[in-house]
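Participant: Residue numbers (numbering that gives the first Met the number 0), protein chains in the order written: chain A, 0 to 732; chain B, 0 to 505.
Beta carbons: idealized from backbone N, C-alpha and C, even for Gly.
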Amino acid sequence: MHTDLPPTGHPLADTVARFAWLIPVLPLLGFLANGFLSLRAAATPGPADPSAGGHHHGDHGAHDAAHDAAPHDHGHEDGHHAERHPAAGLVSLIGPGVLLAAFGLTLAVFLAMRGAREGMHAPFVMTLFQWMPTGSLSLDVAFQLDQLSMVMMLIITGIGTLIHLFSVGYMQDDPGYPRYFAYLNLFVFFMLILVMGASYPLMFVGWEGVGLCSYLLIGFWFSEQANADAGKKAFIVNRIGDFGMLVAMFLLFANLGTLSYEGVRAGAAELVFGGALVTAICLFLFLGATGKSAQIPLFVWLPDAMAGPTPVSALIHAATMVTAGVYMIARSATLFSLAPVAQLTVAVVGVLTAVFAATVGLKQWDIKKVLAYSTVSQLGYMFVGVGVGAYTAGVFHLMTHAFFKALLFLGSGSVIYAMHRAYHATHNHADAQDMRNMGGLTAFMPVTATLMWIATLAIAGIPPLSGFVSKDEILAAVFARTHHSTLAEATWLGIPGSVVLYGIYALGLAAALMTAVYMTRMMLYTFHGPNRTGEAERPHLAEAPWIMTGPLVVLGVLSAIGGFVNLPKLFGGGMAEILHHWLEPVVGEATLQVTLGETPHLSHATEYALIGTAVAIAVVGIALAWARCKPAALVPAAEAPAEVGLEKTLANKWYVDEAYDRAVVQPTLEVSRTVLWKGLDTGVIDGLFVNGSAYLMRGLGWVGSQLQTGRVGTYAWVLVLGAVAILSAFSFR
Amino acid sequence: MIYDLAVPSQLLAALLPDLTLMGGAILLLLAAAWRPESDAHQRLIGRGAMGLVVLTMGSVIATALRGATVTDGPIAMDGFRWTMDLVILLGALGTIAISTEQHVRDGIKHPESHVLVLFAASGMMILAAARDLMVIFLGIEIMSVAVYVLAGLNRRSSRAAEGALKYFLLGAFATGFLLYGMALIYGATGETRLQEIAAALIRHSLALDPMFLVGMGLLLIGLAFKVAAVPFHMWAPDVYDGAPAPIAGFMAASVKAAAFATFLRIWYETFYSVYGLWANTVAWVAILTMVVGNVVALSQTNIKRMLAYSSIVHSGYLLVAVTAGTAVASGAVTFYLLAYTLATLGAFAVVGALQPVGETDAPIASYEGLWTVRPWLAVGMAIYLLAFLGFPVFGGMGFFAKWYLLSAAIASPGRLVLLSVIVVLTSVISAGYYLSIIRAMFMKPRAADAPEIPAAGPLTRTVLVVAAVLIVALGILPGQITPLTARSGFAPHPVDPALLSIPAQP
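(1) Can you name the residues that DSSP bridges to Pro495/A?
(2) Does the CB of Val711/A have a neighbour CB from chain B at under 8 Å?
(3) Which of the three DSSP states, helix, strand or coil, is assigned to Gln143/A?
(4) Quick check on the DSSP output: what are the complete alpha helix (DSSP H) runs of length 4 or more inside the stretch 509-574 of chain A, in order along the chain?
(5) Does the count of Cβ pairs from the stretch 339-358 of chain B and the stretch 379-393 of chain B closer than 8 Å reach three?
(6) Please classify Ile458/A as buried or exposed, where buried requires at least 16 other C-beta atoms within 10 Å of its C-beta.
(7) Could you tell me the distance, in whole angstroms, from the CA atom of Ala282/B to the CA atom of Leu418/B?
(8) Using 10 angstroms around the beta-carbon of Glu472/A, count the other beta-carbons present and answer buried if the total reaches 16, otherwise exposed.
(9) Of all Cβ atoms in chain A, is any one closer than 8 Å to the Cβ of Pro209/B?
(10) Grouping DSSP H, G and I as helix and E and B as strand, with all else coil, what is His426/A?
(11) Quick check: is the beta carbon of Gly210/A nearer than 8 Å to any beta carbon in chain B?
(12) In whole angstroms, what separates the C-alpha of Tyr654/A from that of Thr278/A?
(13) Tell me the rounded alpha-carbon separation between Ala129/B and Gln194/B.
(14) So if I threshold CB-CB distances at 9 Å, which residues from the stretch 419-437 of chain B count as touching chain A?
(15) Could you give the first and the last residue of the continuous alpha helix (DSSP H) run that contains Phe118/B?
(16) Using a beta-carbon distance below 8 Å, is Met696/A in contact with chain B?
(17) Please look up how many angstroms separate the CB atoms of Pro584/A and Gln146/A, rounded, as I've assumed it's under 8 Å.
(18) Any Cβ of chain A within less than 8 Å of the Cβ of Ile165/B?
(19) Starting from Lys368/A, trace the alpha helix (DSSP H) both ways and give me its first and last residue.
(20) Express the C-alpha separation of Gly709/A and Lys165/B in angstroms, rounding to a whole number.
(21) Taking the alpha carbon of Arg178/A as the reference point, which residue from Lys362/A, Ser198/A, Phe219/A and Pro23/A has its own alpha carbon closest?
(22) In whole angstroms, what separates the C-alpha of Pro44/A from that of Gly456/B?
(23) Please confirm if the stretch 139-146 of chain B is in contact with the stretch 111-128 of chain B, defined as three or more CB-CB distances below 8 Å between the two stretches.
(24) Against chain A, which members of the stretch 232-246 of chain B pass a CB distance test of less than 8 Å?
(25) For the alpha helix (DSSP H) containing Tyr654/A, list its first residue and its last residue.
(26) Per DSSP, what are the beta-bridge partners of Met125/A in this structure?
(27) With three or more beta-carbon pairs closer than 8 Å as the criterion, would you say the stretch 31-43 of chain B touches the stretch 104-111 of chain B?
(28) Starting from the beta carbon of Tyr738/A, find every residue of chain B whose beta carbon is closer than 9 Å, and list them in chain order.
(29) In angstroms, rounded to a whole number, what distance separates the CA positions of Pro10/A and Leu222/B?
(30) Compare the C-beta of Phe203/A against all C-beta atoms of chain B and say whether one is closer than 8 Å.
(31) Quick check: what's the CA-CA separation for Gly138/B versus Ala323/B?
(32) Looking only at C-alpha atoms, which of Tyr326/A, Gln171/A and Leu92/A sits nearest to Leu582/A?
(33) Check Pro200/A in the structure and name its three-state DSSP category.
(34) Who are the near neighbours of Gly528/A in its chain, counting only those whose CB is closer than 8 Å to its CB and skipping five residues on each side?
(35) In three-state terms, what does DSSP make of Asp3/B?
(36) Just confirm the distance between the C-beta atoms of Pro477/B and Phe399/B, as a whole number of angstroms; I'd bet it's less than 8 Å.
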């Protein structure tokens with residue numbers, strides 16, 4: 000692989016950053032190795048054949064292929080008696096190993112970049128090779144190392160390593176173990192391509208790649224129809240978003256003639272501020288983001304995506320992939336800052352999603368569904384951040400959210416693992432993910448409970464935990480922009496921008512309140528009160544092995560102290576706004592454009608008032624949940640009465656799925672079936688064009704073969720006829 | 000530096016790769032005759048032949064790197080020659096590698112078969128270099144005579160004998176056209192050197208001289224026979240069907256590559272000045288070839304015959320590049336031929352591996368459910384077929400081969416939009432037969448009474464893997480090979496622009 004080194008003189012040119020291309024290559028190698036091991040095993044029939052592995056029940060990570068075998072004494076110490084995959088040992092080494100190596104290299108590059116901070120005004124772009132040199136469009140495979148991609152790379156490889164380690168324990172008995180790690184490695188590869196690519200097309204390659212891996216992993220236990228359907232739903236919904244991305248890219252190329260970030264950044268100067276073109280580009284980009292990052296109206300796939308293994312939910316559907324939309328907007332900050340209307344749209348959609356998802360989260364019984372809606376809601380917050388031009392705040396919340404949401408998901412995975420083992424040991428088929436079947440788990444799994452409480456307090460916004468700092472920064476930014484900013488001066492659907500921003504702020508607080516409520520509710524029902532798992536199952540409940548709790552501890556520490564990366568000036572002193580300064584070269588200019596060239600300034604009194612409000616809301620939310628949710632009054636899922644009224648509406652997610660089904664899916668299916676399929680496809684296209692032309696062609700082909708008599712005489716005759724034709728063509732003119 | 004081919008030492012240096020191959024082949028022929036026929040001896044000579052091909056490749060590269068050129072003379076020294084040499088030798092290397100193992104299964108014990116491949120390859124290398132009608136004829140005959148024998152290698156098969164005889168009879172017939180064409184052109188211009196002919200055409204304004212026109216037409220017929228363009232293609236399915244699979248692959252890949260090398264050379268260096276006279280005719284031959292080849296391929300039930308029609312179709316596509324007549328187009332041809340050679344080698348290796356011992360028939364039905372018994376063979380075959388189809392990503396180089404060909408056709412002075420549209424439309428037809436094989440391999444169950452497929456030997460496996468990996472890798476990174484193939488593109492001989500103004504588009 001030849002590497003066109005970037006212009007010498009860049010401070011990173013002679014450092015370890017030269018080898019940054021290895022960072023995505025490592026997980027790719029892991030994918031190849033694990034994929035090979037998986038295929039090899041598949042090619043060897045016998046006990047190792049995954050297809051012989053039996054059925055799966057929803058998200059049962061500790062699935063045991065020996066389910067139907069004679070009962071064994073499943074003590075938790077002796078582990079499961081499932082036949083582990085023959086290559087499991089090697090896979091457990093390769094899968095997390097390549098991630099760890101990639102993380103190490105990322106850290107080294109990060110240190111190099113930190114060392115070169117003073118000179119890091121321009122990104123370090125390394126062209127690996129020309130991809131498609133054709134005409135005016137020359138696509139290069141080039142990576143861009145700058146402060147923004149660095150943050151993302153650290154999150155992806157760092158959290159990725161932890162989740163890979165967790166998976167070693169969680170998936171240990173799964174017959175598809177190598178396949179799982181192959182997909183997970185491939186996901187990390189594409190995610191790194193997404194954030195490291197130096198142009199929109201390369202980002203799109205990663206964008207589609209992570210979508211593919213997400214589809215494969217959601218449907219990982221594809222023998223269950225529901226899981227396969229969830230995978231398909233995610234895939235199809237994301238295609239709508241991709242349409243937006245593609246249109247945005249076409250518009251960019253048609254008008255700026257380039258698709259590389261640096262080219263767009265330079266070309267953006269030619270775009271008219273607030274013009275229709277840049278607004279359209281930004282709105283189409285945002286349509287892409289709503290698909291990938293599960294915002295209104297395309298959020299419906301994410302809760303269903305929880306059908307995949309829980310570590311997948313943690314890595315893909317909480318920490319990394321779903322935040323790609325936020326990254327994309329931060330990456331396109333130059334464009335978005337030129338389009339206040341598009342920015343307000345982003346922020347409004349973000350805050351509406353935050354509130355809406357939070358209300359649904361209030362009434363879910365499936366522990367992963369609570370976390371799924373919580374993720375949708377928090378993603379809404381991030382969009383509020385990048386929407387109002389506080390790009391750093393959005394990326395900051397992305398980072399802290401990656402910490403505490405990965406912890407919550409892995410923690411829930413640990414709970415499900417314990418529950419499943421307990422039910423498995425007694426051959427009970429109750430739902431291992433329903434909180435009504437849990438309760439009082441603190442006694443059995445104290446480590447998980449403690450760590451999840453840290454994450455819960457962080458997401459609820461209790462200072463000084465990470466979630467508080469980042470959420471507060473977003474809300475403060477919204478408040479600061481209500482005056483003296485391009486957004487306040489714009490009008491959105493006829494409403495003055497400042498009014499919209501006040502509305503966003505108020506709704507943001509409402510969402511924060513509900514966040515505190517549903518998270519506390521989840522914790523109370525899961526870990527407190529009496530245990531509802533069942534008499535027979537109780538002795539089997541236990542903490543997960545260290546390979547799973549270890550990553551949880553690391554994430555717990557990060558969730559607690561992650562906020563210190565970007566403390567507000569008010570508290571930080573010398574340590575204030577580290578992330579802000581770090582990202583300054585990438586998004587600083589765009590941020591200033593939104594705030595009319597001045598650093599937004601709130602008086603100390605206002606700032607204290609804002610922080611006070613935020614903390615008060617969090618405390619009220621927790622207290623409210625504590626007062627209203629009585630774990631002791633709950634009964635196991637099987638005996639629970641049906642919900643009524645608003646509760647039922649919330650539990651059914653406002654019937655959005657049903658509404659989409661009625662309004663979009665069924666009519667589409669109906670039209671597809673009657674008009675497109677029966678009429679157009681079967682009748683006209685299949686009948687007339689495909690089969691008709693196939694028959695015609697085959698008929699002609701048959702005529703042609705009939706000429707192929709096998710007799711040399713015939714052949715010579717045809718040859719002579721051809722010769723006569725050619726000679727006539729040359730002679731008679 | 001510039002070689003003067005009149006100086007014997009410099010002529011030798013210019014012909015070093017060709018002489019290496021020929022000399023080595025003669026020695027190997029002696030070695031082959033030394034001992035009685037046996038599988039072991041056949042394999043030994045095969046190893047020796049492969050070594051010789053690799054050595055020749057090295058000498059091609061060494062000569063190319065020396066950077067010497069010639070301005071005139073009977074042979075060329077340019078990037079086009081070297082690249083085509085490498086493509087041809089690659090085809091020969093793969094063929095010998097596969098046939099050393101395949102021959103054992105087919106019961107062919109003739110060690111000289113590998114030597115015949117070497118002789119054919121040396122004829123092809125002469126074609127890649129030749130710039131003189133006499134040398135071209137020499138190259139064509141050296142190649143053809145060896146291939147006639149190879150086609151009938153399986154002496155116990157009546158189909159092979161029939162195919163070889165047909166090939167020989169029709170080939171002799173076509174050679175008559177070719178030679179007569181050369182004679183007429185010589186008669187009209189008094190020259191045999193390509194450049195001199197071009198110069199004489201302009202000097203004496205011979206463009207509309209009937210003797211020259213008929214000569215050019217006869218030359219076109221002769222070459223169209225060699226590349227199996229419609230309507231001079233009838234021999235191909237029968238011959239491929241009868242020949243052992245590796246030899247059929249050699250004919251489809253390397254014979255075609257060499258024929259196109261000289262086709263391009265003659266048309267670019269000599270006839271470009273009368274572009275308007277032949278462009279329509281060649282374009283019509285291309286259209287006819289693409290349409291007939293694709294349509295007839297649809298109704299084939301024998302995979303070797305289907306691949307024969309597929310190779311006819313690819314000749315049609317390549318004729319589009321001949322019609323384009325630009326340096327970009329000749330670069331596209333070399334890229335195309337490289338991709339096509341790799342895919343053809345792989346596809347015929349799979350055909351050979353799947354052929355039941357002692358049979359030459361290869362029904363498509365026997366590919367059903369291949370994925371369940373030999374998954375890697377199925378994956379490889381899918382890659383080769385997708386490369387033929389020009390499918391993006393999984394077809395690897397095949398996609399870019401067509402892409403470069405189309406962009407060269409559209410960017411050429413003649414703006415061959417109609418031809419390009421036909422390339423794309425007929426490619427759609429070709430999906431009908433390529434994909435149906437893939438569907439049979441992956442989606443149909445294996446018949447219960449289907450014969451056991453023995454494991455492919457190590458050399459065959461190497462060829463299969465290398466071909467598939469190169470196709471896919473160079474499809475992801477075409478930029479790694481395009482500098483080579485683009486440099487191999489040589490511009491048409493400069494001509495009086497007035498002569499070019501005759502309209503071209505059919």
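Facilitator: According to the data block:
(1) Thr490/A
(2) yes
(3) strand
(4) 545-560 and 568-571
(5) yes
(6) buried
(7) 7 Å
(8) buried
(9) yes
(10) coil
(11) no
(12) 32 Å
(13) 12 Å
(14) Ile428 and Gly431
(15) Glu111 to Ala128
(16) yes
(17) 6 Å
(18) Note on residue identity: the sequence assigns Lys, not Ile, to residue 165/B. Yes, contact with chain A.
(19) Ile366 to Gly386
(20) 9 Å
(21) Phe219/A
(22) Below a pLDDT of 50, predicted positions are generally treated as unreliable, and Pro44/A, at 44, falls in that range; the measurement from the model is reported next regardless. Looking at the two C-alpha atoms, the distance is approximately 23 Å.
(23) yes
(24) Met233, Trp234, Pro236 and Asp237
(25) Here Tyr654/A belongs to no alpha helix (DSSP H), and DSSP marks it neither H nor E.
(26) Phe142/A
(27) yes
(28) Examination of residue 738/A is not possible in this model, given that chain A is present from 0 through 732 alone.
(29) 60 Å
(30) no
(31) 25 Å
(32) Tyr326/A
(33) helix
(34) Gly438, Gly439, Lys629, Pro630, Ala631 and Leu633
(35) coil
(36) 4 Å
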